[in-house]
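**Q** Here the sequence shown stands for residues 1 to 190, where the numbers follow full-length UniProt numbering.
Cβ coordinates follow ideal geometry from the N, Cα and C atoms, glycine included.
Note that the structure is predicted; figures quoted are calculated from it, not measured.
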Amino acid sequence: MPSTSKASRFFERADQREYLLCQVINRSVRFRPVLGYFRTVSRLGDGWFWYALILSLPLIEPAAGPGLALLMAITGLTCTVTYKLLKRWLIRERPFISFPSINCGTPPLDRYSFPSGHTLHAACFQVMLMAALPGLALYILPFTLSVAASRVVLGLHYPTDVVAGALVGGTIGYLSVHQLLGAAMAIITG
């Protein structure tokens with residue numbers, strides 16, 4: 001429990017430092033088109049967009065698509081386990097819970113804030129796509145960035161939750177793709 005106490009104290013200080021920025025960003029939900037856009041992006045970022053993309057990869061890229069789709073599905077499960085364990089261990093309340101002046105733009109999928117699971121998955125898949133299909137990855141990039149922004153705009157995460165999610169997810173995606181490439185090269189050169 002000592003690490004949880006240290007984490008709690010750290011997050012309490014960080015929450016206070018990030019509160020004003022969160023509040024300023026969150027004010028944009030007062031505008032109905034902004035709220036609608038980020039709610040839609042958030043909902044798609046729940047997994048729906050990624051599921052559709054993974055299922056369509058074999059059609060988009062018949063040679064590499066099936067293998068990449070399988071790798072993304074397995075890596076996505078790894079991301080889910082990772083962020084759930086981190087949230088349970090680190091326990092950071094969401095901004096709208098800690099600060100009633102921050103509006104919750106859409107119901108969260110779980111209770112805790114750190115790291116952003118939506119951003120973790122988005123960054124992971126973005127990195128994987130950049131390594132395997134860079135042309136497609138460039139088309140996906142605006143969605144990935146919108147998912148990350150939606151978390152703060154909707155009052156669900158602090159900016160550091162989003163940064164941490166991006167770093168963890170990007171690292172998992174990088175390791176996943178490069179471990180596979182390393183294993184494939186070892187088999188080929190055998």
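Quick check on the DSSP output: the alpha helix (DSSP H) that includes L156 runs from which residue to which?
**A** Counted from its first residue, the sequence shown places residue 156 at position 156. Counting along the chain, L156 falls outside any alpha helix (DSSP H), and DSSP gives it neither H nor E.
**Q** In chain order, what residues of the same chain have a beta carbon less than 6 Å from the beta carbon of M130, not counting five sequence neighbours either side?
**A** Position 130 of the sequence shown, counted from the start, is the residue given in the question as residue 130. The residues are A137.
**Q** Considering only C-alpha positions, which residue in the set T160, L145, H178 and V29 is nearest to R13?
**A** Here residue 13 refers to the residue found at position 13 when the sequence shown is read from its first residue. Cα-wise, what sits closest to R13 is T160.
**Q** Based on DSSP bridge pairs, tell me the residues matched to E93.
**A** Translated into the one-based positions of the sequence shown, residue 93 becomes position 93. In DSSP, E93 forms a bridge with Y112.
**Q** Using 8 Å as the Cβ pair cut-off and three pairs as the minimum, do the segment 148-160 and the segment 28-41 touch?
**A** yes
**Q** Thinking C-beta only, is Y158 closer than 8 Å to F99?
**A** The residue labelled residue 99 in the question sits at position 99 within the sequence shown. The residue labelled residue 158 in the question sits at position 158 within the sequence shown. Not in contact: F99 and Y158 (Cβ atoms no closer than 8 Å).
**Q** Return the CA-CA distance between S8 and I91, expressed in angstroms with no decimal places.
**A** Taking the first residue of the sequence shown as 1, we reach residue 8 at position 8. Taking the first residue of the sequence shown as 1, we reach residue 91 at position 91. One C-alpha to the other measures close to 7 Å.
**Q** Over what stretch of residues does the alpha helix (DSSP H) that includes G117 continue unbroken?
**A** If you number the sequence shown from 1, residue 117 lands on position 117. First-last of the alpha helix (DSSP H) with G117: G117 to A132.
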